[in-house]
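J.: Pasting in a structure now, in structure tokens, and then I'll have a few things to ask.
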Ligand code: FES
């Protein structure tokens, strides 16, 4: 049976170049590597480099974006809830003034009027701006849309739907104590 297209055929030998000897196994010592093999190696190297570059790019992108994401989404605050708080020194709220303190998750304005302390939420029930004490008008006023409240938090006028939440405040020694109403 005639062999066609195998390594020992005259047609195949003529393409191997001059002086090339055919070994018993049919390979050519010192011959050129096959093109297909070279392409395969090149393709693998390129793929590996693409993976390295992609990985480094991903690390750089994550490093750059992480602080931005942390800034946009602040960590959840864990505020310890208490029934009573020593908010500050009595001297911080002299007669005719008001001062805002953090009390649990609320901001509370302590007002001193003639030596008598009151405490209500400082967060306007309209859209959440902080009220201040207007000692001339003897009322709490919201700077955003003009809401007015009595010292005890009841509504005088304005767009606000509800009165301010009430708290208790007293002076104990030299300290201001705020507690839940
Ligand atoms: S937020 Fe106070 S009046 Fe609108």
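Residue numbers (the numbering used here): 9 to 189. Ideal Cβ positions, reconstructed from N, Cα and C, are used throughout, including at glycine.
1) Quick check on the burial criterion: 16 or more other C-beta atoms within 10 angstroms. Buried or exposed for residue 165?
2) So which of 160, 168 and 182 has the shortest CA-CA distance to residue 175?
3) With distance defined between alpha-carbon atoms, name the residue in 158, 93, 172 and 137 nearest to residue 150.
4) What does the alpha-carbon distance come out to for the pair residue 142 and residue 104?
5) Just to confirm my understanding: we take residue 32, look at its own chain, exclude 5 residues before and 5 after, and list those with CB closer than 6 Å. What are they?
6) Would residue 106 be called buried (16 or more neighbouring beta carbons within 10 Å of its own) or exposed?
7) Just how far apart, CA to CA, sit residue 118 and residue 79?
8) Tell me the start and end of each unbroken beta strand (DSSP E) in the stretch 96-147 that is at least 3 residues and wholly inside, in chain order.
9) Helix, strand or coil for residue 182 per DSSP?
10) Does the ligand FES have a heavy atom nearer than 7 Å to the CB of residue 58?
11) What span of residues does the beta strand (DSSP E) with residue 81 cover, start to end?
T.: Straight from the coordinates:
1) Indexing the chain shown from 1 puts residue 165 at position 157. By the neighbour-count rule (16 or more Cβ atoms within 10 Å), residue 165 is not buried but exposed.
2) Taking the chain shown and counting its residues from 1, one reaches residue 175 at position 167. Here the closest residue by C-alpha is 160.
3) Along the chain shown, read from residue 1 onward, the residue named residue 150 stands at position 142. Out of 158, 93, 172 and 137, 137 has the C-alpha closest to the C-alpha of residue 150.
4) Position 134 of the chain shown, counted from the first residue, corresponds to residue 142. Position 96 of the chain shown, counted from the first residue, corresponds to residue 104. The straight-line gap from Cα to Cα measures roughly 9 Å.
5) The residue given as residue 32 occupies position 24 in the chain shown. Because residue 32 sits at a pLDDT of 48, beneath the cut-off of 50, its placement in the model cannot be relied upon, and the point is left open.
6) If you number the chain shown from 1, residue 106 lands on position 98. With 16 or more other Cβ atoms within 10 Å, it is buried.
7) Residue 118 sits at position 110 when you count from the first residue of the chain shown. Residue 79 sits at position 71 when you count from the first residue of the chain shown. Near 32 Å, if we compare the C-alpha coordinates of residue 79 and residue 118.
8) 105-111, 114-121, 124-129 and 140-142
9) For the purposes of this step, residue 182 is taken as the residue at position 174 of the chain shown. Coil, per DSSP.
10) Counting from one through the chain shown, the residue named residue 58 turns up at place 50. False, no ligand heavy atom lies under 7 Å from that Cβ.
11) By one-based count along the chain shown, residue 81 stands at place 73. Counting along the chain, residue 81 falls outside any beta strand (DSSP E), and DSSP gives it neither H nor E.
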